[in-house]
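Only one structure is covered here, and it is reproduced in the block below.
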Amino acid sequence: MSIVASKLKVSETTLKKDLKELNCVIYKSKPPKVKNLETYIPILKGLKLKIERSMPKYVQRKSVRTLIGDILWKKVRNIVLEQSNKHCSACGYSPDDLSQLHVHEEWELDEDKILIKLTGVSLLCHKCHSMHHLDYTYFRSAEKDKWEEEKEKLDIHFMKVNECNQEILIACKRLASKEQILDKMPNARTVDSLKEFFDKQKQLQNAKWSYSVFNEMPLREEVISALKKKVSVVE
Ligand SMILES: [Zn+2]
Ligand SMILES: [Zn+2]
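For what it's worth, this note's numbering labels the leading residue of the sequence shown as 3, then goes sequentially.
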């Protein structure tokens, strides 16, 4: 290693770092297989950049951002920008163009209580945010013929940020879609269970969802009173 480093006129640390990065972004068109998904879960939970399952239809377009309106959201955003020192919380990127930084809402859903819990807000750069909501990014992408290229770029970004290989990437994607399918379909698909399932989905779709807001939310009181104009809030 030291001979190679001196030939290339770089330090050994730089060489090691570059090799590590190269190793992370080897991207095979025939991706490795992931057999036992359960065994990957501890690693996946610790990743800096994760992929979220797409939200069930019944909670789409119910974000806090939409409910509280642009003016208040902008104030929240400014505080989050300051708190994160204008850096992406996953990859650390700090662009000059601040529109490249997005405030991401972290949610937990409680179907029994018909409750959307806002559990956190974090700052993510455009790339990390696109990867985090990969399904949504695909639906939103205008040029579907360029999707493969776009997807590859995001995949590579994911591996670089997480310093992981393609196997972990595949596992992460599989976990996201597994959670989504399990969310959507019953285990035993008898006529009765499916009917029950679809009735429940309809109920959830038409239900009046309440909200709760985590304690450290910037401008929490203002956010709650803005929410209360449209939905009920559990304090
Ligand atoms: Zn980022
Ligand atoms: Zn988001």
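For glycine and all other residues, C-beta sits at the position ideal for the given N, C-alpha and C.
Model, not experiment: these values are computed from the prediction.
Supposed contact pair residue j and residue i - C-beta distance, whole angstroms, cut 8 Å
| i | j | result |
| --- | --- | --- |
| S56 | Q182 | 6 Å |
| H106 | V123 | 7 Å |
| I172 | V36 | 5 Å |
| L74 | E224 | 6 Å |
| T121 | F216 | 5 Å |
| C93 | V12 | About 24 Å separates the two Cβ atoms, so there is no contact after all. |
| V6 | W211 | That pair is no contact at about 59 Å. |
| L46 | C90 | That pair is no contact at about 20 Å. |
Pick from the options that is closest to residue i, judged by C-alpha positions
| i | options | result |
| --- | --- | --- |
| Q176 | L39, L125, E14 | A small fix is needed here, since residue 176 is Arg in this sequence, not Gln. Closest option to R176, Cα to Cα, is L39. |
| L221 | N80, V61, I5, D194 | N80 |
| G71 | A7, A92, A228, I158 | A228 |
| C166 | T68, K50, Q102, D99 | K50 |
| K30 | E169, L196, Q207 | E169 |
| Y213 | F199, E113, H131 | E113 |
| D157 | K146, D147, K180, H131 | H131 |
| K19 | L196, D201, M3 | M3 |
| A178 | P34, L125, K52 | K52 |
| K88 | K119, H128, L17 | H128 |
| E237 | G48, I118, K180, K76 | I118 |
| L206 | H159, K115, K146 | K115 |
| F160 | K32, K146, I28, T15 | I28 |
| S238 | A209, D194, F200 | Outside the modelled stretch of the chain, which goes from 3 to 237, sits residue 238, for which no answer is possible. |
| W109 | K232, K231, M219 | M219 |
| P58 | L83, D137, E84, P33 | D137 |
| K32 | K232, E154, K197 | E154 |
Helix, strand or coil at residue i [DSSP, three-state]
| i | result |
| --- | --- |
| W149 | helix |
| K64 | coil |
| D2 | The question about residue 2 has no answer here: the residues shown for the chain are numbered 3 through 237. |
| W211 | coil |
| V193 | helix |
| V6 | helix |
| V233 | coil |
| F216 | coil |
| I28 | coil |
| N164 | helix |
| V12 | coil |
| P44 | helix |
| V144 | In the sequence on display, residue 144 carries Ala and not Val. A144 falls in the coil class under three-state DSSP. |
| L39 | helix |
| L21 | helix |
| K50 | coil |
| R55 | coil |
| L221 | coil |
Cβ of residue i within 8 Å of any chain B Cβ
| i | result |
| --- | --- |
| D137 | Although the question refers to chain B, the structure presented lacks it and comprises just one protein chain. |
The stretch 137 to 147 touching the stretch 94 to 101, judged by at least three CB pairs closer than 8 Å:
no
What are the start and end residues of each continuous alpha helix (DSSP H) run of 4 or more residues lying completely inside the stretch 60 to 137, in chain order?
Within the stretch 60 to 137, complete alpha helix (DSSP H) segments of at least 4 residues are found at 66 to 70, 72 to 85, 128 to 134, given in chain order.
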